[in-house]
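Contents: one structure, followed by commentary.
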Amino acid sequence: MLIEEILKGESEKIEFKENAKTNTYIKTVVAFANGNGGKIVFGVKDNKEIVGVENEFEVMDGIINAISDNCYPMIVPDISLHTLKNKIVILVEIEGGKKKPYYLKSKGMQKGTYIRSGATTRIIEEDYVLKELVLEGENKYFDQQVCHGESVSDEEIEKFCEWLEKLARKNSENDTEIRKITRNTLLSWKVLEEKNGRIFPTNAYILLSGKENWEVSRKIQCGVFKGETRSIFVDKKEFEGSIIMQLEKAYQYVLEKINLGSDIIGIYRVDKYEIPPKSIREVIANAVIHRSYLEPNDIQVALYDNRLEITSPGMLLSGVNVKRMKEGYSKLRNRAIASVFAYVNIIEKWGSGIPRIMNEIREYGLQEPEFIIFENDFRVNIYRKNYNTTQSTQGSTQNRINTTQDISKKEKLDVKNLTETDKTIINTIINNPEMSQKQIADNLNWTVNKVKYYMKKFKQKNILKYEGTSQNGKWEIQEENLKYFLK
């Protein structure tokens, strides 16, 4: 109901106008078209008082003509009359446009392009925001644009492909065959571009490979703060180079800094992070994939006493809002990067990340994550859970893995027939069922092949099985079979 929307007041999606003077609303029309659309209600004061309009049909014609005369490209509004409290108001609805940027003809694109920022309309002053709108309007992607500079050699391309294949194998939870990628694959993803018989890197290649380029390269900034504000730094670190490696390093940084509680489940002492590790990795991965690389600011990963905060530069693309993201809707800003991330098993399926994070955090018993839209940034807050048991806030995960010395006397009796290596790998799986084989190997300082050997051994004895997909699954110890194995 329109009256209910009015009572809520002006917002990013609705604005009130007492009259239809052109200079009071035409900028807002442009701003709505450059964003997710919105409504202008004529005959309502800023304080929500409904005063109505006179000569409504004449006013409607004037609004339609003003929008047509002043805006470019053409904006076609949906306009209607409504009676509220015995007064007539005019509702003008503007859809988010597909031919961005929209601007005032009299001022031109550079000085006449407006966007919506909360409940206000503002002119675009940052060049990168205007460039984003131009690319969106042309249905193009910044990461697929050719990066000016030298061409890429066949040898360099081959090494890059081998590196991606190696990452895909490491990140694969199952023994599925990893398809080989070639120069043609990278060309089809627009990670590379062919011109006049030579192969040139796109911005995606620069970002993924970690090649230095001051115009394109970006960092992830990580920090720990005392309290719930940024007033006191406890620790900080910046990660540069390949955005894939930045993601992994930022993820490990968070794991090292958050608390790890211990619970007794059955005969085992089980360590559990206060925030689900997969959700941490997923949120950072989403920030890397969906951020604006035109914006010069960096992704920020900040840990406070009460929350983990991940801030991604770049306003949301048109058609994207928090409600739709929670429902699984996604719109790619960096299509080439997303193709590579999907191949190396960093993401499973486009659009599924936010619902998966929310489900996992709900199952973990944590407060629902908070999604905040700023003028040119998007932020996710995951609230922390403090365990009552002994906790550690520093040091590597490897130092927290249970060994024989950590197990109680009762537990030692139950596991006495296991070898020391058996105990280590089983206990690691119980403590961290969602870890990949590569992550287990890293934490134990083993080779991946050694981990795979023991995984295969326990699978054959029906002690271990894997449930779920490569990006959304976990290892499960079959306790009954384990007890049989121990006899």
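Residue 92 in full-length UniProt numbering is what sits at position 92 of the sequence shown, and the numbering runs on without skipping anything. Where a beta carbon is used, it is the ideal one built from N, C-alpha and C, also for glycine.
Exposure label - L295; buried when at least 16 CB within 10 Å: The amino acid occupying residue 295 in the given sequence is Glu; Leu does not appear at that position. Of the other Cβ atoms in all chains shown, 16 or more fall within 10 Å of the Cβ of E295; this residue is therefore buried.
With C-beta atoms as the reference, is N70 less than 7 Å away from I26? For N70 and I26, yes; Cβs fall inside 7 Å.
Between L308 and I280, how many whole angstroms is the CB-CB distance? I'm expecting something under 8 Å. Contact flag correct, Cβ pair sits at about 7 Å.
DSSP on K487, reduced to helix/strand/coil? Because the pLDDT of K487 is 39, which lies under 50, any placement of that residue in the model is unreliable, and the question is left without a value.
Please classify C147: does DSSP put it in a helix, a strand, or coil? Here C147 sits in coil by DSSP.
Would you call the segment 4 to 19 and the segment 111 to 123 touching, i.e. three or more CB-CB distances under 8 Å? With a cut-off of 8 Å, the segment 111 to 123 and the segment 4 to 19 count as touching, because enough Cβ pairs lie within range.
Cα-Cα separation between T424 and N376, rounded to whole angstroms: Each residue's alpha carbon lies about 47 Å from the other.
For A20, name the three-state secondary structure that DSSP assigns. Reduced to three states, the DSSP call for A20 is coil.
In this structure, does DSSP put M245 in helix, strand or coil? In the structure shown, M245 sits in a helix (DSSP, three-state: H, G or I).
Residue(s) in a DSSP beta bridge with G473: According to DSSP, which records beta bridges pairwise, G473 is partnered with G468.
Would you mind stating whether A100 and E126 have Cβ atoms separated by less than 7 Å? In the sequence as presented, Ala is not what sits at residue 100; that position holds Lys. No, the Cβ-Cβ distance between K100 and E126 is not below 7 Å.
For the beta strand (DSSP E) that contains G223, what are its first and last residues? Under the DSSP assignment, G223 falls in the beta strand (DSSP E) whose first and last residues are I220 to F225.
Output the distance between the C-alpha atoms of L187 and S339, rounded to the nearest integer angstrom. Here the alpha carbon of L187 sits roughly 12 Å from the alpha carbon of S339.
Do you know whose CA, among E4, F160 and A250, lies nearest N286's CA? Taking only the C-alpha atoms, the option nearest N286 is A250.
Exposed or buried, what is residue 531 when buried is set at 16 or more other beta-carbons lying within 10 Å of its beta-carbon? A question about residue 531 goes unanswered here, because the residues of the chain that appear run from 1 up to 487.
Under the DSSP definition of a beta bridge, which residues are partnered with P313? Paired residues: D377.
What three-state label does DSSP hand L332 in the structure shown? Coil.
Delimiting residues of the beta strand (DSSP E) encompassing L192: Looking at the DSSP string, the run of the beta strand (DSSP E) that includes L192 is L192 to K195.
Hey, P73 and C147 are a contact pair by Cβ (cut 8 Å); roughly how many whole angstroms apart? Not confirmed; about 29 Å, so no contact.
8 Å CB neighbourhood of Y128 in its chain, flanking five on each side removed: Closer than 8 Å at Cβ, skipping near neighbours: S292, L294, E295 and P296.
Status (buried if at least 16 other CB within 10 Å, exposed otherwise) for E238: Looking at its Cβ environment, which holds fewer than 16 other Cβ atoms inside 10 Å, E238 is exposed.
For K13, name the three-state secondary structure that DSSP assigns. Three-state result, K13: coil.
Suppose contacts are defined by Cβ-Cβ distances below 7 Å. Is E434 in contact with K278 by that definition? Yes. Within cutoff.
Pull up the CB-CB distance for L247 and I284, whole angstroms please, since I reckon it's below 8 Å. Rounded, the Cβ-Cβ distance is 6 Å, consistent with contact.
Could you please give me the residues that DSSP links to V91 through a beta bridge? According to the sequence provided, residue 91 is Leu. The question's Val does not apply to it. According to DSSP, which records beta bridges pairwise, L91 is partnered with V41 and S80.
Where the beta strand (DSSP E) containing Q300 begins and where it ends: That run of the beta strand (DSSP E) goes I299 to L303.
D442, enclosing alpha helix (DSSP H) - first and last residue: Per DSSP, D442 is one residue of the alpha helix (DSSP H) stretching across Q437 to L444.
Is DSSP giving R307 helix, strand or coil here? Assigned with DSSP and collapsed to three states, R307 falls in strand.
Opposing strand residues paired with F371 [DSSP bridges]: Its beta-bridge partners are V380.
So what does DSSP say about Y141, is it helix, strand or coil? Residue state, collapsed to three classes: coil.
Could you check where the beta strand (DSSP E) with R115 kicks off and where it finishes? Per the sequence shown, residue 115 should be read as Ile rather than Arg. Residues Y114 to S117.
May I ask you to list the residues that DSSP assigns as paired with K237? According to DSSP, K237 bridges with C222.
In the DSSP assignment, what are the bridge partners of R122? For R122, the beta-bridge partners assigned by DSSP are I115.
Looking at the strands, I want to know which residues DSSP matches up with G35. Looking at the DSSP assignment, G35 forms no beta bridge with any residue, so it has no partner.
Determine, using beta-carbon pairs with one atom in the segment 59 to 70 and one in the segment 140 to 154, whether at least three such pairs fall under 8 Å. Using a Cβ-Cβ distance cut-off of 8 Å, the segment 59 to 70 and the segment 140 to 154 are not in contact, since fewer than three pairs of beta carbons, one from each stretch, lie closer than that value.
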